[in-house]
Structures are given as C-alpha cells and as structure tokens.
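Some notes on the structure that comes next.
There are 6 protein chains.
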Amino acid sequence: MHRFLYRGIVAAAIAEDLGSGDRTTDSIFLLGETGQAEIVAREEGVVAGLAVAQEVFAQIDTRINFNACLRDGDHLRPADRLALLQGPVSGILTGERVALNFLQRMSGIATATSRAVASVRGTKARIVDTRKTTPGLRVLEKYAVRTGGGENHRLNLSDMILIKDNHIRCAGTITEAVDRVRKRCGFTVKIEVEAGTLPDVQEALANAVDVIMLDNMTLEMLREAVKLINGRTLVEASGGITPDRIKEVAATGVDLLSLGYLTHSTRSLDLSLKVI
Amino acid sequence: MHRFLYRGIVAAAIAEDLGSGDRTTDSIFLLGETGQAEIVAREEGVVAGLAVAQEVFAQIDTRINFNACLRDGDHLRPADRLALLQGPVSGILTGERVALNFLQRMSGIATATSRAVASVRGTKARIVDTRKTTPGLRVLEKYAVRTGGGENHRLNLSDMILIKDNHIRCAGTITEAVDRVRKRCGFTVKIEVEAGTLPDVQEALANAVDVIMLDNMTLEMLREAVKLINGRTLVEASGGITPDRIKEVAATGVDLLSLGYLTHSTRSLDLSLKVI
Amino acid sequence: MHRFLYRGIVAAAIAEDLGSGDRTTDSIFLLGETGQAEIVAREEGVVAGLAVAQEVFAQIDTRINFNACLRDGDHLRPADRLALLQGPVSGILTGERVALNFLQRMSGIATATSRAVASVRGTKARIVDTRKTTPGLRVLEKYAVRTGGGENHRLNLSDMILIKDNHIRCAGTITEAVDRVRKRCGFTVKIEVEAGTLPDVQEALANAVDVIMLDNMTLEMLREAVKLINGRTLVEASGGITPDRIKEVAATGVDLLSLGYLTHSTRSLDLSLKVI
Amino acid sequence: MHRFLYRGIVAAAIAEDLGSGDRTTDSIFLLGETGQAEIVAREEGVVAGLAVAQEVFAQIDTRINFNACLRDGDHLRPADRLALLQGPVSGILTGERVALNFLQRMSGIATATSRAVASVRGTKARIVDTRKTTPGLRVLEKYAVRTGGGENHRLNLSDMILIKDNHIRCAGTITEAVDRVRKRCGFTVKIEVEAGTLPDVQEALANAVDVIMLDNMTLEMLREAVKLINGRTLVEASGGITPDRIKEVAATGVDLLSLGYLTHSTRSLDLSLKVI
Amino acid sequence: MHRFLYRGIVAAAIAEDLGSGDRTTDSIFLLGETGQAEIVAREEGVVAGLAVAQEVFAQIDTRINFNACLRDGDHLRPADRLALLQGPVSGILTGERVALNFLQRMSGIATATSRAVASVRGTKARIVDTRKTTPGLRVLEKYAVRTGGGENHRLNLSDMILIKDNHIRCAGTITEAVDRVRKRCGFTVKIEVEAGTLPDVQEALANAVDVIMLDNMTLEMLREAVKLINGRTLVEASGGITPDRIKEVAATGVDLLSLGYLTHSTRSLDLSLKVI
Amino acid sequence: MHRFLYRGIVAAAIAEDLGSGDRTTDSIFLLGETGQAEIVAREEGVVAGLAVAQEVFAQIDTRINFNACLRDGDHLRPADRLALLQGPVSGILTGERVALNFLQRMSGIATATSRAVASVRGTKARIVDTRKTTPGLRVLEKYAVRTGGGENHRLNLSDMILIKDNHIRCAGTITEAVDRVRKRCGFTVKIEVEAGTLPDVQEALANAVDVIMLDNMTLEMLREAVKLINGRTLVEASGGITPDRIKEVAATGVDLLSLGYLTHSTRSLDLSLKVI
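Put into structure tokens, the structure is as follows:
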C-alpha cells in the first residue's frame, strides 16, 4: 500500500486527536526527554498497519525512530513485541492513541480475515470483503483484508459493475440492465449480477456476465446454483454470512464468500504501548 | 451535533466510494427516473446518525428528499422504517452504501451504549466512552455514545488533563506530574489521574485532582478505592470492562465506567435501503 | 458525470483565475447591473462540458441563470448558440474565461473523438483514450471522450491491470508477470498485456489474458496478430496512431484503437461569450 | 518557479492517477527491486518542467534519485536524454505517466513558444501568452511560455486591468470605462484597453492607457493603428493569430503578439521513459 | 469583494472556534428556539465587513436571516445598529464571536484608514497600505483599507515589482537591479524602487521607474526628493509614519503615504451582539 | 506548541503572499546566490514565535538555516538579534515579510501580556486572554499569551462551559441554564457563569459553578462580589479592562483578569530582517 494513500488520513486523525495541543504531555515534558517504548500484543492475532503506525509518529516528530519487529501478516501471540520506538517521549505519548487506533483496527480486520480464510481451507472458496467499510478508511481496511489472506471485492463504485436488486427492479429485467451497462461501461470492467433465485441465475448466465452473486440463499439453493452455473462464471455467496456459517457455505462449491462483518463489525486487536 | 462538524467527513466518504463515478448506476439510469426508497431496520437497536445519512444524500443530489421517520435515540424493532427518500433513483442508489455505512455504525454504537446504560441502572454509575474511536470519525462516534445515553470522556488531547501511567513514570511521582500540570495547564481544565494501586489513589487524593481513574483493578480493589476516596473526587473504573462485567463493576460504587469497546469494537446495526 | 466529481476542480480553477479579485470588472460594475450573454460557436464540432460551464457560473454567483440550448454530444455549426446566461453582468464577465477554458477544451476533445469515431465506421474497431490526460482534469477529459462517442481505457492505475514492456522486462517474462498479478490482483479486474512481437502475442494468449495491446506494430504485423488471436481476447492497437492512420489501422481487424492525441494534444474548440 | 507553487498540483495529479493504488506495479514488484530509467526525447523541441517531473518522483518515493541531464530551455533532438532516474523500480513505474504528462505538456508549450519567437526575429515584436490556459495548470503553463522565450500576459484577473469589448459595451464608452477604473484600481496596476477600430484606438490614446490591444484587426488596420499610436503606448495584436500568420503580423510594427494557441491547443512533446 | 475570496477563510475561522461543538449553546437550546439579535456599535468609526459577518451566520445555519442596516463605508456612532438577525438563537450565539472578530477587526482598519485619509485632506497625498497584514486575512484587510478610503499597495509578491534595499545590496546598484527586472518581469507590471538617499532617487529616476519609495526620510529630505522628482514618477513616503506625523509628511508633496500600522497594529472597533 | 498545529497556517500565509511567485526576487537572483541575514529588534519587548518564523523559511527553501539566538519568552532590547539566517538569499527575501508578520504579531501579544502580568505583581490575580483572537490564528495567539506569562481562557467553544448573559436570558435564570448544562455537558468540563449583579453572583454560587465571571462591574461591585464569593469559586473580572485599569482591578481581589485587547487590538512589535 503506497504511503501516498494514507498520509492524508493519518494527518486528519492526528489533527482530530490533538485538538489545540496535548495539554497533559506538553505540561509534563519540558526538556525534550528522550526514551524508549514498545508496542506489544495482549492477545493472539495477525498484525496489519505497521507502516501506518510508523507514519503517525513520523508526522508527529521526525526524530522518533520506529523500528518494526514484525511484518504485516505475521501471526502474533500475547506479549509479542510489534515495534520498538526511540526518541522524544513527549512525541511518543502524543502519538500513542492515534497509532494504536489504526494498528488495532487494521490488525483486528486482518485477524478476522485470517480466521475466515482458515475456515475455508480445503475448499476452493476464497474470502472477499465488501464496501461496508468505515467511511474514510477504505484503503486501509481493504489492505488489512489482503494482509489477512483475503481478496478485495471492488474498491469503489467505479471499480467494477455490480448490478444489484435495486438496479434490476428499476431496469425491469437482468437482461435489460446488462444491456444498458454493456453499451456504456467500456471494455475495462467486469460485470457482476446479483441473483436471488435460480431463474435469476439462468438469466445472468444467458447474459454471459463475469460473476454471479448469490444473495442470501439457503445452502440448498447455493448448491443448486453452483451446479447450474457449472464453472461458466465465478460464483459469489453473499449476505449475512457469520463466522459459524463460513464452512458450510464454502462447502457448497462457491468461489467467493463476501463477508461484510470483516469491516463493518470489526473487533480491535488488543495492543498496548509501554514506555520502557 | 452541528452540521459544520460532519460536512467534510461526509464529503470525504462520498469521494472515497464514488471513485471516478458510479459506473453501474450511471449506465442504467439515463433519464432522471425518480422514485422512492426506505431505510428499514433488520434488528433491534437504537438509531443514531439520521442527520448524517441525510447529509450524504443532500451532497449527492439536492433534489433527494430525505424524510426521517424517527429521531436519533429512538428504539428500533425489526422492520421499523427509519426514513423515506424521494427523488432521482440514481442519486439514491449512488448514496445508499455511504449513508448506510454511517448510519449502521453510529446506530451500532448507540445500541451498545444503550445496553451498557441499562446494565448500570440502579447504581449511580454512568457510562462513558474513550479516545479509542475510529480515526476520522470521533465527533460522530462521541455523538452516538451520547445518543445511546452515555457520557463523553475527553474529546481530544486538549480537552482535559489525563495523567496516565506513562506520564507518571516519566515525571517520577503523581505529585510531581500534577505539580507540573498545575503550573501550565490553565484554570479551565479538570485534572484526572490514573491510579493502579491504593497508594496511587491516596497520592492522587492528596493532590486534590478532579477525577481518579482506577485502571484494571479487581472488584475488591475497586471497592476499597471507592471507600478510600469517599466522594472527594469522581471515580472512574477503566480497562477491559466487557459487557458481562459491567454490572459487577458498577456495583462497586464507582461513578464512571469507561468502555473502549463501544467504539473500538463496534458491531454495525443491520439496516437496509430498499427502492419501493 | 456526477457534479461531485468536478465541483472541486471548478473551484480551484476559479481561485486560480480570480487571484485577489477581478480588478477590471469590480471597478466598472458597481450597481449590480444585470444583463444577458450567450455562448456561441465559431467553428464546427461537438459540444461537451455544458454542466461544467454552468457550475463555474453557479459558484461565482448563484443569481446567474445558465440555460443550456444544447446537450453534450450535440453537433455544432458556426454561430450556433450553446447557452444563454442571465443575471449580474459582473459575475458573467468574471466567470467567462474559466467557463470557456473548460468548455473549449472538453468540446475540442469530444470533437476530435467524434472525428476518430467517424473514421472507423464500417469496421468493428472502437476508439478509446489513454492515461495521457491533463493532470487534474482526467474525469472531465474521459467524459469528453465518451461524449464524442469514444470509450474509456482505464481511468487510473487501480482500474485494471496493464502489464507493459517495463513490467515484463523486470519480471523476466510475460508469463511470470501475469502469474504474479493473478496471485495478488483479485477477481474484480481484467488483465491486459502489451505485446511488441508475435511471440509476445502467443505468450499472452497462452496466459488467457483479457486484452492484448499491440504496441507500435506495422499494419502487416497487426493483421497477423489479429489472425493469430482470432477472437480469443480483445485486441488493442496502440502507439502513435495519428488521425490519418486511423482508417488503415482499424482495417486490420483490431477491436480497439487507443489514441493518446485525443487528450495530450487537444485543440480547443473555438467558442466565445458575448454580452447581448 | 518556486516549488511551493506546484507541490499541490503535483500531489493532486498523483492522487488522480493512483486511484486506490497501482495494481499492476504493486503485484509485480514485491522485493523493492531497484534499477535505472531514463527519460528520452523522441522528437525535436524545447524542454520545460524538469523540476516538476522531479517533484512527482520525490512525492512518490523519496528514495528515487532524479538527475536532470539538461536544463529547462535547452533544445532537444530525438534520442536526447533529459534525465536519469535511479531507485526503486516500482516507484519509477508508478510515477512515469504523471511525470511525463507534465513534462510533455510543458515542453510542448515551450517548443511552440520558441518557434513563435523564432518567427518574429528581426522585428521588435515579442510573443506573449493569454489566460486561455488549462484550468489548474496556469503557473506551469505561464512558466513554460517564459522558458520558450515568450513573455507573460497577465497571470490572473487581479494582475492588471484589461478593459475588453464586453466591459466597454456595458460602461458606454472607453473613456467612461477608464475613468471608473482609474477611480478604484489603485496605483500599482497598468491599464490595457481592447480596441477594435481606429476611433477606439484614438479614444484609448486620449485616455493615456498603458497598452492598447488591437483585436482581430486586418494587417492593414494594424499598420495604421501602429502609425497612429506612434510609440505612445505599447501595442498588442491579438485574436486568432495562427503560426503561419505570426511573421506578417509582427511586420506591422506591433510590440506584442498574444497567442492563445500556445496553451489552449498545445501539442505534447513526444518523450518516453525507459527502464535501462 | 467577491464572496469566493472569503468563503474559505470564514469556514476555517468557524472550525477553529467551534472545536468539537458549542457545548454551552448545545446544552441550553434544545428546541430550536428562534429569536432576534442586533449588532450595535459602542464607539464611533467606519463599518467594514458586513458581508463577511453575514457569511459566518450563513455557514452556521442557513435559516438565520442577516439584515444589514448599513453599508460598508458608512460612519457609525455609538448605539448605531449595524445589522438585525432573525432565526434560531443557538446558531446566532454560536456564530456571534467569529462574526464579531471579523467585523470588529475590519471596521477597526477602515476606521483608522478613514482617519488617516482625513488627515491628508487638502494635500494631493493618498493613503495606501502595506503587506504587513495579518497572515491569512490579506484580502479582507486590503478591502477594509479601500472601504476606509485608502488605496491598496501591491496585494502580494507577484502584483508589482518592488526593489528594496536588500535587493539592491545584492544586485550591486539600482541600475543593475532594474535591468535584471526589465529583462524578466514582463510588460504587465509596474516597477517601484526604494530610495534611502537623494543619489538613490536620481539613479531611480534615470532608470525611468514607475514609483519611487522614499524610505524613512526626514521631512527635509522628503521635500528635496519631491522637488528632484518633479512629477516624473509617483512618489511614496514610507517607514514608521505614525498617525501624528501624517499631516506633515503629506505636506511635503509626496503622492502616497504607506502606513503599516493600519493593518499590523489594528485596534478592533468596539461592537457587540445582543439578543433582543 | 506542536509544529503540527501551525504548519497549515504557515503554508496558507505563504501562498497568500507569494501569489503566482515573487516577481522581484525571481528576476534579480538567478544564480542561487547564498548569504546571511539577521532578524533584529527595533524596540523593547518579549519575543514569541521563533519556531513559526523558522517554519516559514523551512517551507520556502529547506536549504535555509535558521538559527534562533533567543528563546520564546526572552526579553528584547533594541538592536538585539533574534535569529541568524544562512542560505539562498532569494528564499530569505521571499519569506521575509511572512515570517516577520507572524513574529511581530506574536511578539506584540507576548509583550502586551508581559506588561499586564507585571501590573498585577503583588496581587493574586492572573492575566488571561479571551476568544477575541484573529480568525485563523488562535493557537498562535493563545501561545503568545502563555509566552508572555499569561494563562489561556477557553480555547474554543467546546473547551469549557461559559454561560453568558444571552444564554441566561434565553434559559430564564442562571439556575435553569446551569441545570440544562449539567444534564448534558459531561463530567470533563468546568462551568463558568457570567454575573452582572450581586444577586447573579449569589445564584451562581448556589449552583456551585467552578468560575464566576464578573462582567463590566465597578471596582466597588467587584470588591463586594469577591467578599461574597469568599474563595468558594474562582473569580474572573472581565469587560473593557484597559492597561491603565489593570492594577486597580487586580487590587479588588479577583483571581483572573481577562483582557480582550491582548489579541483584538495587538500592536506588532517592531522587528526587521537585514541581509548582512
């Protein structure tokens, strides 16, 4: 992930937390005291966002040295050290919360993704995310999903065509919707269509789309749809797939499981920063 | 919450999701078709963020009429309608995801807060949040906590003095840290000190601070600290308080329970938008 | 094209031209004089950017009424009126140059595109643009190409995979480059490979990419490549295709002609604004 | 040209082209491979914008070393090397297109200007630009004109007074327009008046303006106007002066030829970047 | 002054004062109470900035009606009403301080300027400002000077050439400095030279500059310089001219008095807002 | 004061003064001449803002070395050197005015504050500022007040509760206003109430607020109010306290004197930059 993509996000987060200045730290540290601190794990998981945490401290005080002890994607156990910081203590403490907020959230997403990926092992299914991300943090969250072993669904509304039920209802039929899209969308993008029923699947197939999203189907329906499609397009299962249902959905033979909860209901990973 | 505070956040979120344009919707809707849509609940909870959702649609197309059917803070049951939208369908569909991302997240926080508040009913304890919020969304998340019946801890680093263990370690003692702060922080702010042990509590009391934060204490220690403080300052219990522990922590007699999970491990409330 | 996408571009352009204020107009118009003006064509072409011109005046003075007399994509003849403006004359004159700068450039691109499209009539070839656009104006220029009847190549570096000679040289072979991409790029994007020789084309075919770009090939080579590919992928001819070569390149049977000159060497369409 | 003036323009251009990241390059380069690349000319011309190209790479990756082999204003022949780059190949490829887009456009303008300047050699006429620049890029394009040997007309609406036909029509007469301006514009700015006829010229002269713009006059009229003015003010010829007409217009004895085509109908200079 | 020029300044000022919201007002006004308020003068002076104050309230709440009772440039006496506001009281109180901060400062500058202008009545001298303005507020302060009857010196570093002692020292001589400037600055700008001695004045005259600035000269020297120049250029007296010295400096026959104190040592005019 | 807080302010100020470039300096310095300059005092005072001045030059040219010879808060005498600069002369001259504008204004505020603080020596009164600061520069001006030995009143509208006459009038009574605030404002903020009469003071006391502001009271009333309050809350005297009244107001026994003139009617300290 290019630093250009998150520099502004980090600056906004610091501004938000700094307000008119860190009154506590500014009152206590007057002499430019330097010191060391470490970021450590308090629970198991997968780390993501080290470069973002580093960027936080770099923006707060260029004299802070941030030495990552791990790489994004590494598995963590409690008490593992993620990074060692050296430099002015005041800057380290001023940046602590913002850096952790990024790192804990991104690691939480990578961890949840990694668990989902483990659940589908042995099937051909791959784990993908959705656009149900935190407003303003999409590039970071999509990156965290990749870090956890998942794959990204479209990044934004111009990244791929996804014809959903609301579009179909307005266009009349899947065929009409796909026709309109084909006339205008250009040769660079793939087309996915949401299907709620087997006839929908058949209509989508007839239109030779690239991906068919099976929305909120029962396991039985998923299996039938997969059989019907028979490898002619990619097949995505979507809609309310909770961690405990992943295995059985993957077993239906779909190619992709899109999981909104990875990003819309993230549990932060428990990390802390300690002056040492 | 003043619209001035979230206009820019909403604009950034739309830009992020729009990319270079909504290729699907732009291909399908060519004639300015107008229509209606509703936002409905799919589970129980407390709504928060209706004005933010409205702002999303207002920025996307001023011709979209957003009529809220409820008010922030209202309790929702499945199938309840939160809002009715009228206007160009393309704009409604282009804005759908961004509006829901805000509304689901904020309602999720309000819901979790409301449940925590219910858990402390009958005690004098109040529920407060932390600075463990999503980078970039703090004003919205703090607002959602208030909407759910909670109270805000400090908004940012200049909103109050909070002397934490890292500060104390560097200053040497609580007394020294408080002294330095008193000399520089001005008359407008309150001072809170983190205490990990009973001697810490005593030292904080001796310094006449406004609030004492009891960090990661056992129930037994919390009870003793409350007795020791005996109403001379506000008492905050903090650190890893999960939903199932709220009741027993509140029963120790503390004034405030600060709950990081309200914002760092939010579960989005399940809402959806349907063209009708 | 969504207004959200160009509002900021327009604001920056006005700021750039306004400097510290329009000294001429501000000195001459003191009484809020209102009047009428028209935008007229001085040469033949295709109009594009009316909404952008309208946005300029809307940002300068909300009281200016901009009534478009044509629609984007319409053909213009000299003396045709594009729009009629009514309102404060000072605002109309202050906005004149910025509005025309957008409208003339976009119409120039639409006109050039339209001529290129006319040149390929009777073949199956489609005209597409490139990323050789004016820094800061890409969405507008890509829109102008669509308005002129062309199709957009990828919008930016995350919109599609395009493996070019520099990538291939670094990866070693086309196959290696495609392999690396397949492992990481996700299911949503298509893959295009640049081929400079027939063996390149064969290697790209073997990797089942979506599009093959034939770069700077002679007509003879293009014909052979088309025969070799035989409809298994889309075929794009690229590299130095000037207006006079379009017809013969299209005749080789390629699907797409990408023309950098549409946007990197635009000739503005001659339009003017007259107070009437 | 101060770096402060284009840093933001460069950042916006990178953001525009990067989208959510360079999917191709990010997939292919995983190991931080470093290498070399050169920017070379494919046709004759005058180079302008090397510092802007350098800024592009500096913003993308500070480890890229950009060594200019020429200076802005130097004449290029095909195959001349403009710059040598060393550093991470991924960054070089990610920045390639944006850097070239700036450099090719600016060099195109410098080249066209330089040719126009050559055409007036032997006369006293100087070549100047107009405000018909690309929205958002004015400082760069005005700089390119200077680099090619031209002179800048006013930078923006507050840089000088230019009373045009629309202003005169609204004020009633040239004299009235100049009077209003004199009362309000301050002592720091010069005043130019557009004149379409010889009586206009006489009225402008009577008002002792600093520059008279002869708009769209025939060669015969230009000669008469020059004789009439007789060195009392600067004389600018303006309006539809194409390259083939420059010499004859300059021969009429005017001081300044303002050429809109330099910036509104720029042909990019053909340059390319090659990994070596 | 065009609204486009101060919209952003106003937005930044509101953001600065609003912080995370107006805690007092938001706590007290819950029901959307509407009411009236007036802005009244508490001392004599000249009003400037009514449109800016109006913009503050417009940005805070579009439902607030701001009715100016005076026009910029009008003279005020104590108790005069400047404006009447109607609408939501909470918005009026939230915006009060920011609106007054602008209005008091701008009126203070207009008042000081107006007094300086009165002091030179009967001489040919005109009052001009300097670039010693408040960072970020230059367009507003320059406007306030014009409103008070003064004239603007250059708006910024690209608005005119001003060769000062530091430039001359580095170039060697005035002549050398002017020569370099003439070669590069273009035909649109005037040239002013700072002169500290009579020989400087003579050298500047010999170079036919447009304005000569007499810096920190005694009255005697000013008179001699004016005699020497004898109307061949504009003459500006500059440097430490305090209100009590204006009359005598003007009497020396200079054309322009530039007064830094108008903007660098502004005294705000005493105004207040009252709910009525 | 954290550099993060003023970087953007400095960038905006440079942009404002630079316009499209420093025409004078750019014309005269072509060869990258380097040199030295010093910033010196021309009058007595207290210095504030050295880091901000340094930031100006750092943003203009990173090669300029800014060596502060004093520290913020130091007392200055005429001819004292504040800083020595070394590097490209063109950058030093381009930045001169902006750097001085910040430094002179901030030092002016620190000087005025320092004098006010001297006036209250021997009493228990402390000097505080107000929100009557220059729009856009609040953090800098509040910092200058601290540098001069003063204390900051609230930084913005979310920094503390201040119930003023307009709020009380709308709520009905002080008690009602305080009640509403207590219900909603959270435990982190202090509450101040404005009192215009002794009964107001009594009502405020009865509500146990943290600070009482005595607004525009006579010395007699101030003394009575202080006696009445008798140390139960902090007491602030406010409203039209001019330098000559400070001593007598302080003698009444109040804790805080808030002085609007420190920031709304600043006199810049006279400093200059000289190339040496």
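Residue numbers (this note's numbering), protein chains in the order written: chain A, 1332 to 1607; chain B, 1332 to 1607; chain C, 1332 to 1607; chain D, 1332 to 1607; chain E, 1332 to 1607; chain F, 1332 to 1607. Just so you know, even glycine gets a beta-carbon here, dropped at the ideal spot from N, CA and C.
B/L1587 is the residue among B/L1587, B/A1346, B/I1560 and B/L1565 whose C-alpha sits nearest the C-alpha of B/I1572. Burial state of E/E1374 is exposed, judged by a 10 Å Cβ sphere holding fewer than 16 other Cβ atoms. Taken in chain order, the complete alpha helix (DSSP H) segments of 4 or more residues contained in the stretch 1370-1427 of chain F are 1381-1391. The Cβ atoms of E/F1388 and E/L1413 lie no closer than 8 Å to each other. Shown in chain order are the members of the stretch 1476-1492 of chain C whose Cβ falls below 7 Å from a Cβ of chain A: E1482, N1483, H1484, R1485, L1486, S1489, D1490 and M1491. E/K1455 has a beta carbon lying at 8 Å or more from every beta carbon in chain D. Residue pairing by DSSP puts A/A1568 in a beta bridge opposite A/L1545 and A/L1588. Residue state for C/T1365 is assigned as strand, using DSSP reduced to three classes. Membership of E/S1358 in the alpha helix (DSSP H) is indicated by the continuous run R1354 to I1359. Chain F has no Cβ within less than 8 Å of the Cβ of E/V1377. For the stretch 1521-1535 of chain A, the residues whose beta carbon sits under 9 Å from a beta carbon of chain C are, in order, K1521 and E1523. Taking 8 Å as the CB threshold, C/Q1390 lines the interface with chain E. Counting along the chain, F/V1341 sits inside the alpha helix (DSSP H) bounded by residues R1338 to L1349.
Listed along chain E is no residue with a C-beta nearer than 7 Å to that of B/H1498; the closest approach is about 23 Å. Contact with chain D is found for A/L1336, since one of that chain's Cβ atoms lies less than 8 Å from the residue's Cβ.
The beta carbon of E/K1521 is closer than 6 Å to those of M1491 and D1541 in its chain, skipping five residues each way along the sequence.
Within the same chain, A1508 come within 6 Å of F/H1498 by CB-CB distance, once the 5 residues on both sides are set aside. Using a Cβ-Cβ cut-off of 8 Å, D/M1437 does not count as an interface residue toward chain F, since no Cβ of chain F sits closer than that to its own. Distance between A/L1529 and A/H1406, taken at the CA atoms: about 41 Å. Minimum Cα-Cα distance from D/R1515 among the listed residues C/G1350, C/D1348 and C/R1354 corresponds to C/R1354.
Nearest neighbour of F/G1480 by Cα position, chosen from F/D1575, F/L1550 and F/V1459, turns out to be F/V1459.
In the DSSP assignment, F/R1457 falls within the beta strand (DSSP E) that extends over R1457 to V1459.
For A/E1551, the uninterrupted alpha helix (DSSP H) segment begins and ends at L1550 to I1560.
Taking D/N1398 as reference, the option from D/G1404, D/A1535 and D/E1369 with the minimal CA-CA separation is D/E1369. In this model, F/E1551 and F/R1485 are separated by some 27 Å (Cα to Cα).
Proximity of D/G1517 to chain E, defined by a Cβ-Cβ separation below 8 Å, is satisfied. A/R1446 is outside the set of residues whose beta carbon lies under 8 Å from a beta carbon in chain B. Spanning the alpha carbons of C/T1393 and C/D1531 requires a straight line of approximately 57 Å. Within the DSSP secondary-structure output, A/A1526 pairs in a beta bridge with A/L1545. DSSP places C/L1493 within a strand segment (E or B) once states are collapsed to three. According to the DSSP assignment, D/K1473 belongs to the alpha helix (DSSP H) that extends over R1469 to T1478. For the stretch 1341-1361 of chain F, the beta-carbon criterion of a distance under 9 Å to any beta-carbon of chain D is satisfied by A1342, I1345, A1346, L1349, G1350, S1351, G1352, D1353 and D1357. Interface annotation for the stretch 1574-1593 of chain F against chain B: L1587, criterion Cβ-Cβ distance under 7 Å. Between the beta-carbon of B/V1566 and that of B/L1545 there is about 6 Å, and that keeps the pair under the 8 Å contact cut. Annotated three-state conformation of E/L1486 is coil, per DSSP. Neighbourhood of F/V1542 in chain B, by CB distance below 9 Å: F1518 and T1519, in chain order.
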